[in-house]
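Residue numbers (the numbering used here): 1 to 204.
Next comes the structure, spelled out in structure tokens:
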């Protein structure tokens, strides 16, 4: 658990009212939630002013958007994936156009730790009808390649540098998890599609 220190902040009345109304809308309450909202505000400010590595996790199920440090990615994903039967999560970088190197492989490793080796792992071109550019690995080969995930990210960056098309690492798991994930340089989605959704991941 993080240590919490107190500080006092004075805001113009009009700004305070707008802030508190936004907190109520986001969290459904004011008491206690102001602290969380203020912490997120500080993270956003630091991301823009000092390039602090910050991301936003968008939870389409609850409508909540979490602003967290990259170092807090795993604990937040663990919590969200544990409490939801049909998660729909999106991750975006803050104050930069792409994730820092290592974030894609870190996310992939979190997913593999939770769901095991994916059934399919490919690099796809989204601007060419999700055409598969390269099949990355099978379940058997992953066991023999402990550094495979880092190589996936390196391959994505290398291929992306050579084109303006949108490329992604596409991962999918079959039963019992039936999860899908799309990992791009500027966006990551993690979801369990319903029978009414398409087979591809999407932004939300």
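Ideal placement from N, C-alpha and C gives every residue a C-beta, glycine not left out.
Indicate the three-state DSSP secondary structure (helix, strand or coil) for residue i in the structure shown.
{"i": "residue 122", "result": "strand"}
{"i": "residue 74", "result": "helix"}
{"i": "residue 31", "result": "coil"}
{"i": "residue 180", "result": "strand"}
{"i": "residue 62", "result": "coil"}
{"i": "residue 170", "result": "strand"}
{"i": "residue 197", "result": "Note on residue 197: pLDDT 48, under 50, position unreliable in the model; the coordinate value appears next. Residue 197 falls in the coil class under three-state DSSP."}
{"i": "residue 104", "result": "helix"}
{"i": "residue 91", "result": "strand"}
{"i": "residue 69", "result": "strand"}
{"i": "residue 17", "result": "helix"}
How would you call residue i, buried or exposed, if buried means at least 16 neighbouring beta carbons within 10 angstroms?
{"i": "residue 118", "result": "buried"}
{"i": "residue 9", "result": "exposed"}
{"i": "residue 189", "result": "buried"}
{"i": "residue 180", "result": "buried"}
{"i": "residue 184", "result": "buried"}
{"i": "residue 153", "result": "buried"}
{"i": "residue 68", "result": "buried"}
{"i": "residue 16", "result": "exposed"}
{"i": "residue 121", "result": "buried"}
{"i": "residue 172", "result": "buried"}
{"i": "residue 131", "result": "exposed"}
{"i": "residue 30", "result": "exposed"}
{"i": "residue 105", "result": "buried"}
{"i": "residue 103", "result": "buried"}
Quick one, which of the options has its alpha-carbon nearest residue i's?
{"i": "residue 169", "options": "158, 178, 160 and 182", "result": "182"}
{"i": "residue 23", "options": "40, 12, 71 and 58", "result": "40"}
{"i": "residue 71", "options": "96, 35 and 55", "result": "55"}
{"i": "residue 7", "options": "50, 42, 74 and 166", "result": "42"}
{"i": "residue 32", "options": "4, 44 and 121", "result": "4"}
{"i": "residue 77", "options": "11, 160 and 107", "result": "107"}
{"i": "residue 166", "options": "158, 147 and 173", "result": "158"}
{"i": "residue 60", "options": "85, 134 and 103", "result": "85"}
{"i": "residue 160", "options": "64, 134, 57 and 26", "result": "134"}
{"i": "residue 191", "options": "57, 50 and 151", "result": "57"}
{"i": "residue 64", "options": "176, 25, 96 and 97", "result": "25"}
{"i": "residue 47", "options": "150, 163, 100 and 20", "result": "100"}
{"i": "residue 109", "options": "162, 150 and 136", "result": "150"}
What is the residue span of the alpha helix (DSSP H) that residue i lies within?
{"i": "residue 188", "result": "Here residue 188 belongs to no alpha helix (DSSP H); instead the beta strand (DSSP E) covers 188-191."}
{"i": "residue 6", "result": "Taken as a continuous stretch (DSSP letters only), residue 6 belongs to no alpha helix (DSSP H), as it is neither H nor E."}
{"i": "residue 154", "result": "148-160"}
How far does the beta strand (DSSP E) with residue i in it extend, from its first residue to its last?
{"i": "residue 211", "result": "Shown here, the chain extends from 1 to 204; a query on residue 211 therefore has no answer."}
At least 3 beta-carbon pairs within less than 8 Å: the segment 88-107 vs the segment 120-128: no
Meets three-Cβ-pair contact criterion under 8 Å: the segment 73-87 and the segment 100-120: yes
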